[in-house]
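Student: Residue numbers (the numbering used here): 17 to 303. Built from N, CA and C at the ideal position, the CB exists for glycine as well. Small disclaimer: the values here were computed from a predicted structure and weren't measured. The structure that follows is given in the form of structure tokens.
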């Protein structure tokens, strides 16, 4: 009877117990995996798991033989690269307690290598740009190698954002907010190797216009107004301007009037025909 009570109490305790929290900050560096326990419970142990890149085959998660049910928070995982394409493996750690296991905490790499993309971030007001490099051995496989981008606000779970071949700009971001990004290679849409550890940047505020900017804007406006005035004058006041520019015209005095006042020259009332006849008569008389 006592045995049954103890067994029943144990079953109730196990069934009512929650799985342990998964480890945090699982980092990969030169085939050494480290993590931070999420609890101080000494009854929790940890197992490291790996998944190799096997093209056109179903690959699954397996335990790393020398990193099973251990209480330490680090383990050497060099053995996992044997037989993997380009030595690319994915790694993770799970916590175990009383037969209950946590979710698998996937590792990331702070250093770029042939299996982890090299990523650079730059920001400007309202936008963030991920600079991606294809200068890696695995990228020589051709267009089937892509970059899977994970993106989100700092402190939140990063979600898959886009599959890209080259650098990507993300716009319409809130100024003053912190945003993070992580990138992982994919081969035929399958994850390859470790993702880069999240990098975070704050989106800068739009800078207020400086005095020099204000002066420049004022000069541009003045020049625009002057241009409009000149165009208006040339189109609609052209005749008036021509009149202003013309010099007064004086009728030249004929040579006939040289040395004599024009007012003293007698003006004949006869017609030109009569004048010719008078001249002819005078010539006949003289002869």
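Spatial neighbours of residue 174 within its chain, please: CB distance less than 8 Å, with the 5 preceding and 5 following residues excluded, ordered by chain position.
Tutor: Excluding residues within five positions, the ones whose Cβ falls inside 8 Å are 166, 167, 168, 196, 197, 198, 214.
Student: Quick one: grab the DSSP three-state call for residue 228.
Tutor: Residue 228: helix per DSSP, three-state reduction.
Student: Taking the beta strand (DSSP E) that residue 207 belongs to, which residues open and close that run?
Tutor: Segment 206 to 208, the beta strand (DSSP E) holding residue 207.
Student: At which residues does the beta strand (DSSP E) containing residue 114 begin and terminate?
Tutor: Where residue 114 is concerned, there is no enclosing beta strand (DSSP E), given that its DSSP letter is neither H nor E.
Student: Which two residues bound the contiguous beta strand (DSSP E) that contains residue 216?
Tutor: That run of the beta strand (DSSP E) goes 215 to 218.
Student: State the DSSP-derived secondary structure class of residue 93, mapped to helix, strand or coil.
Tutor: The answer is coil: DSSP assigns residue 93 none of H, G, I, E or B.
Student: Just the Cα atoms here: how many angstroms apart are residue 315 and residue 68?
Tutor: Here the chain has residues from 17 to 303 only, and residue 315 is not among them.
Student: Is it buried or exposed, residue 132, if we count other Cβ atoms within 10 angstroms and call 16 or more buried?
Tutor: It is buried - the Cβ of residue 132 has at least 16 other Cβ atoms within 10 Å.
Student: Pick helix, strand or coil for residue 11, following the three-state DSSP scheme.
Tutor: What is shown of the chain runs 17 to 303, which leaves residue 11 out entirely.
Student: In the DSSP assignment, the beta strand (DSSP E) including residue 65 goes from what residue to what residue?
Tutor: Looking at the DSSP string, the run of the beta strand (DSSP E) that includes residue 65 is 61 to 68.
Student: Classify residue 42 as helix, strand or coil using the three-state DSSP reduction.
Tutor: If DSSP states are grouped into helix, strand and coil, residue 42 belongs with the strands.
Student: Are the CB atoms of residue 181 and residue 163 within a distance shorter than 9 Å?
Tutor: Yes, the Cβ-Cβ distance between residue 163 and residue 181 is below 9 Å.
Student: Report yes or no: do the segment 117 to 132 and the segment 201 to 213 share at least 3 C-beta pairs separated by less than 8 Å?
Tutor: Touching, per the Cβ criterion.
Student: Per DSSP, what are the beta-bridge partners of residue 146 in this structure?
Tutor: Answer is 137, 184, bridged to residue 146.
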